[in-house]
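The next block holds one structure in the form of structure tokens; read it before the comments.
Number of protein chains: 4
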Amino acid sequence: MTKLVLFAAFIGCLLLMSFSYDQKKKVLFFGDSITAAGVQPGGYIKMIDSLIRQEGKENRYETIGAGIGGNKVYDLYLRMEDDVLKKEPDIVVIYIGVNDVWHKSSSGTGTDLVKFGKFYEAIVAKLQAKDIKVILCTPAVIGERTDYSNMQDGDLNLYSNWIRQFSRQKELPLVDLRTLFHDYDAKNNPENKESGILTTDRVHLNRAGNWLVAENMWNAIKTIK
Amino acid sequence: MTKLVLFAAFIGCLLLMSFSYDQKKKVLFFGDSITAAGVQPGGYIKMIDSLIRQEGKENRYETIGAGIGGNKVYDLYLRMEDDVLKKEPDIVVIYIGVNDVWHKSSSGTGTDLVKFGKFYEAIVAKLQAKDIKVILCTPAVIGERTDYSNMQDGDLNLYSNWIRQFSRQKELPLVDLRTLFHDYDAKNNPENKESGILTTDRVHLNRAGNWLVAENMWNAIKTIK
Amino acid sequence: MTKLVLFAAFIGCLLLMSFSYDQKKKVLFFGDSITAAGVQPGGYIKMIDSLIRQEGKENRYETIGAGIGGNKVYDLYLRMEDDVLKKEPDIVVIYIGVNDVWHKSSSGTGTDLVKFGKFYEAIVAKLQAKDIKVILCTPAVIGERTDYSNMQDGDLNLYSNWIRQFSRQKELPLVDLRTLFHDYDAKNNPENKESGILTTDRVHLNRAGNWLVAENMWNAIKTIK
Amino acid sequence: MTKLVLFAAFIGCLLLMSFSYDQKKKVLFFGDSITAAGVQPGGYIKMIDSLIRQEGKENRYETIGAGIGGNKVYDLYLRMEDDVLKKEPDIVVIYIGVNDVWHKSSSGTGTDLVKFGKFYEAIVAKLQAKDIKVILCTPAVIGERTDYSNMQDGDLNLYSNWIRQFSRQKELPLVDLRTLFHDYDAKNNPENKESGILTTDRVHLNRAGNWLVAENMWNAIKTIK
Chain A
1 MTKLVLFAAF IGCLLLMSFS YDQKKKVLFF GDSITAAGVQ PGGYIKMIDS LIRQEGKENR
61 YETIGAGIGG NKVYDLYLRM EDDVLKKEPD IVVIYIGVND VWHKSSSGTG TDLVKFGKFY
121 EAIVAKLQAK DIKVILCTPA VIGERTDYSN MQDGDLNLYS NWIRQFSRQK ELPLVDLRTL
181 FHDYDAKNNP ENKESGILTT DRVHLNRAGN WLVAENMWNA IKTIK
Chain B
1 MTKLVLFAAF IGCLLLMSFS YDQKKKVLFF GDSITAAGVQ PGGYIKMIDS LIRQEGKENR
61 YETIGAGIGG NKVYDLYLRM EDDVLKKEPD IVVIYIGVND VWHKSSSGTG TDLVKFGKFY
121 EAIVAKLQAK DIKVILCTPA VIGERTDYSN MQDGDLNLYS NWIRQFSRQK ELPLVDLRTL
181 FHDYDAKNNP ENKESGILTT DRVHLNRAGN WLVAENMWNA IKTIK
Chain C
1 MTKLVLFAAF IGCLLLMSFS YDQKKKVLFF GDSITAAGVQ PGGYIKMIDS LIRQEGKENR
61 YETIGAGIGG NKVYDLYLRM EDDVLKKEPD IVVIYIGVND VWHKSSSGTG TDLVKFGKFY
121 EAIVAKLQAK DIKVILCTPA VIGERTDYSN MQDGDLNLYS NWIRQFSRQK ELPLVDLRTL
181 FHDYDAKNNP ENKESGILTT DRVHLNRAGN WLVAENMWNA IKTIK
Chain D
1 MTKLVLFAAF IGCLLLMSFS YDQKKKVLFF GDSITAAGVQ PGGYIKMIDS LIRQEGKENR
61 YETIGAGIGG NKVYDLYLRM EDDVLKKEPD IVVIYIGVND VWHKSSSGTG TDLVKFGKFY
121 EAIVAKLQAK DIKVILCTPA VIGERTDYSN MQDGDLNLYS NWIRQFSRQK ELPLVDLRTL
181 FHDYDAKNNP ENKESGILTT DRVHLNRAGN WLVAENMWNA IKTIK
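Keeping their order, the protein sequence lines are chains A, B, C and D.
The numbering of the first sequence is full-length UniProt numbering, which starts it at 1 and goes up by one.
The numbering of the second sequence is full-length UniProt numbering, which starts it at 1 and goes up by one.
The numbering of the third sequence is full-length UniProt numbering, which starts it at 1 and goes up by one.
The numbering of the fourth sequence is full-length UniProt numbering, which starts it at 1 and goes up by one.
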């Protein structure tokens, strides 16, 4: 009898472990230099790790950073096999677009909107073909002035509109960083400064910026079954 | 005695005519292709001519078009002597800035903001040195979408901010076309179209656009003593 | 006995046909608008078809056009599966690079050299993984002035240098159109004109241009075992 | 009698002094950051000062640096009054064009060729109206690779062609730095490096570059009557 109980307990443990194991979701963050910085101390991915631990979910979620500086949407597409699919993630957060817009004026090598859309769709299609869940993000800011007088505001709004429309059409969760940043800056940037509120240099995130991204991404991640 | 009265009346008429003549103000419109189109049938300068006649002021105001396609602020500066000062205008309406912004992305030959400001100030200083009154305008639109998703919205807002601040600093009258167009489009462009409300092609004015410019410029012109 | 002979002859014919069939090589031309025009009457691919017929090799070679206007190297990469691999070509001629350079200044959406190289290598690797033979081409011209005073000459030379070096490193056949066009123009463009010698509009091929491309590509194609 | 002789000698001395004084030519160097660096220790204007002293002509020539970083041809035009005409130079060396070409791709604010020509002509006309002698220069290099694979080689050749043609048409002396640099690099840059032969950073002059400019400018200056 005791043996039976012990055996049952043992099996129970195994089931629990396998259950826990099955439940541990790999969340991969796929992006540019902002995401590359996300795995550094104080970065938004590190903050998400903290949120996971705070909520006692460290055996249910695992994060993987996959950001490379200077990346545009087609760079993500090129490195999907090695940097994403091989790692077999359950969820991929796509956070891209700043360089696609910015490089137009900084080096003449941005991405036009039609092709941005094509590659974006191709990335999502490849992920969904592997049953990977996808979370989309709009590109946050290049400059924090709140009266839309940052040089790239027009294109950031346009490319964000495309991502928003695509998320509705495909019923994909969206972390609308562009709106979140604009609303935060509208409240916290009364001097209409170019940087220093959520970014250090108009683009890359300071502590408050990392926190805003971490909180909102984490909320989107948790929602996914 | 009658002769004397007639003679006095004649002299009076002469004085009145000479007075009227002295009062006839030359208003010169200094700008780019939008202003070049302004002197064509249906153009905003032709509309101002009509407004002048409607108000019976044709012997008090005379308009001169001085717009050349593709002009940027430094092109205006280069041709001031021949195209403006030689014509001895009383009032100059400066309507420039679209190409300074637009040519950045269309041909790599836009004007950066610091230099835009320098040439703008130099033009105004030269006009004021000749006691010519100056009216400033902000550049209206490159694209009529109302959610600031036109590619050049950031720069148009930035350069317009500079002109607004300069008009306040120098206490110069301003026709804030950018705000006027944005407000008009906000009411009349529910489909968020790129053109067709106030422009034919995102930049150049259709009938409603010419009218909006004509009315507001004329109001500014009349105000000048 | 007669029957046997007839039967043997029949089998022989079948073998010959199947042999011929096996020998028929599919040559796919992968590129941009220049290649899209290549399948039109008078286009370079049509001329290659004529050369094939002239040499009585129509049952040994078959051509397939796969050019799309505005394509850059990353566009080729994106459409490899559908437009190339599915068609199971034996030989692929890669003719790309003009837009990668040109779009830098025309729309701010060119391709920087490092990424041009990465995508180019990825395309070749995918083709070679399927045992498809590859022929490389340098981008010919954007402007036919022979003193290197065409705006994009610097980049065209630079990107062509990369392709030349890559062809040497990988021991891949190269049709060096840039050198061929430059040498032809050096002899035939004494007035240093921008177009009209080998192109209609500085970029797209006229009759002489199509012929120069056709002859040289065909020579490279024939060489491949 | 003696008094008379002494008086005559005194007058003679005065005449000689005034003659010497009249002979001292002010040479102004009008340009961008390359010229701004020219007045620094080791700069090309300092080297010209040394050449003047070596040839014992320090009471016949005086140099004035008038270079400002980032200047394009229209910036020179804007500051002619203050920085050139007020200083009453006898000779002006115009050394401009690098930023007009470079800023097209670096910030979208280059100068198109037609306007480059217009401002260039306007500068020369203003100087000649004051009987100031003019020496022209072609822009040397943006990158020292000798196979015309530097990105801006096309435009530098094109804008230099314009300056060469203008110097012939107006019979103005030309220091053809572009050709001088190319020939020097062709001999001294066997590794086809981007910088380090005549420049420190592809654009700004190292010791050898300053020396090449100084020698050739000084030869042109001496030739002017």
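We treat Cβ as the ideally placed atom computed from N, Cα and C, and that holds for glycine.
Values in this document were obtained by computation on a predicted structure and should not be read as measured data.
Segments assigned alpha helix (DSSP H), at least 4 residues, entirely inside the region 42 to 122 of chain D: 44 to 54, 73 to 78, 80 to 83 and 98 to 107, all fully within the region 42 to 122 of chain D.
Paired residues, beta bridge with valine 213(C) - DSSP: According to DSSP, which records beta bridges pairwise, valine 213(C) is partnered with nothing at all.
Residues that serine 105(D) contacts on chain A, provided the C-beta gap is smaller than 7 Å: Gly108
Per-residue contacts from aspartate 112(D) into chain B (C-beta, under 7 Å): Ser107 and Thr109
Interface residues of chain D facing leucine 78(B) [CB-CB closer than 9 Å]: In chain order: Tyr74, Tyr77, Lys115, Lys118, Phe119 and Ala122.
Selected residue, minimal CA-CA separation from aspartate 155(B), among Pro190(B), Ile123(B) and Ser105(B): It is Ser105(B) whose Cα lies nearest to the Cα of aspartate 155(B).
Near-chain D residues of the region 128 to 158 of chain C - C-beta to any C-beta below 7 Å: Result list: Asp147, Tyr148, Ser149, Asn150, Met151, Gln152, Asp153, Gly154, Asp155, Asn157 and Leu158.
Cut-off 7 Å between Cβ atoms - residues of its own chain near lysine 126(D), not counting five sequence neighbours on either side: Met80
Contact with chain C by alanine 66(A), beta-carbon distance below 8 Å: no
Contacts around threonine 146(B), its chain only, beta-carbon distance under 8 Å, and the 5 residues preceding and following it disregarded: His182, Asp185, Ala186, Asn189 and Asn192
Valine 203(A) to threonine 35(A) span [Cα, whole Å]: 12 Å
Local Cβ density within 10 Å of asparagine 219(D), reported as buried at 16 or more and exposed below that: exposed
CB of asparagine 124(A) within 8 Å of CB of valine 134(A), strictly: Note on residue identity: the sequence assigns valine, not asparagine, to residue 124(A). Going by C-beta atoms, valine 124(A) is nearer than 8 Å to valine 134(A).
Touch test, the region 65 to 84 of chain D against the region 78 to 96 of chain A, Cβ-Cβ under 8 Å, three pairs minimum: no
Given isoleucine 68(A) as reference, the closest of Gln40(A), Tyr148(A) and Pro89(A) once Cα atoms are compared: Gln40(A)
Residues sharing a beta bridge with residue 235(B), DSSP: Lying before the first or after the last residue shown, residue 235(B) is absent from chain B, which here runs from 1 to 225.
Contacting residues, own chain, Cβ-Cβ under 6 Å from tyrosine 120(C) (five flanking each side not counted): Val73
Extent of the continuous alpha helix (DSSP H) to which leucine 180(D) belongs: 177 to 188 is the span of the alpha helix (DSSP H), which, as asked, contains leucine 180(D).
Cβ-based neighbour list, glycine 209(B), same chain, cut-off 6 Å, excluding 5 preceding and 5 following: Taking glycine 209(B) as the centre and dropping the five residues before and after it, the same chain places the C-beta of Leu198 and Thr199 closer than 6 Å to its C-beta, in chain order.
Residue interval of the beta strand (DSSP E) (run including isoleucine 132(B)): Premise fails: isoleucine 132(B) is in no beta strand (DSSP E) and is neither H nor E.
Same chain only: Cβ atoms within 8 Å of aspartate 201(B), ignoring 5 sequence neighbours per side: Ser195
Of the listed residues Ala129(C), Ser33(C) and Cys137(C), nearest to residue 235(C) (C-alpha basis): Because chain C is modelled from 1 through 225, residue 235(C) falls outside the range shown and cannot be assessed.
Those residues which DSSP pairs with leucine 156(A) across a bridge: By DSSP's assignment, leucine 156(A) forms no beta bridge with any residue.
Straight-line Cα distance separating tyrosine 148(A) from serine 149(B): So the alpha carbons of these two residues sit roughly 10 Å apart.
Chain C within 8 Å of asparagine 161(D), Cβ atoms only: yes
One or two residues paired with leucine 205(C) in a DSSP bridge: Thr199(C)
Option in Gly56(B), His103(B), Ile48(B) and Val92(B) with minimal Cα separation from leucine 174(B): Ranking Gly56(B), His103(B), Ile48(B) and Val92(B) by Cα distance to leucine 174(B) puts Val92(B) first.
Limits of the alpha helix (DSSP H) - the one that alanine 36(C) falls within: Per DSSP, the continuous alpha helix (DSSP H) segment holding alanine 36(C) begins and ends at 33 to 38.
Selected residue, minimal CA-CA separation from lysine 115(C), among Tyr95(C), Pro139(C) and Trp162(C): Among Tyr95(C), Pro139(C) and Trp162(C), the Cα nearest to that of lysine 115(C) is on Trp162(C).
Tryptophan 102(D) versus threonine 111(D) - alpha carbon distance: 9 Å
Outcome for isoleucine 52(B) when other beta-carbon atoms lying within 10 angstroms are tallied against a minimum of 16: buried
Best match in Ile221(A), Ser107(A), Pro89(A) and Leu158(A) for proximity to aspartate 100(C) [C-alpha to C-alpha]: Ser107(A)
Reference leucine 28(D), options Arg178(D), Ile132(D), Met151(D) and Gln152(D), closest by Cα: Ile132(D)
Asparagine 157(D) versus leucine 180(D): straight-line alpha-carbon distance, rounded: 13 Å
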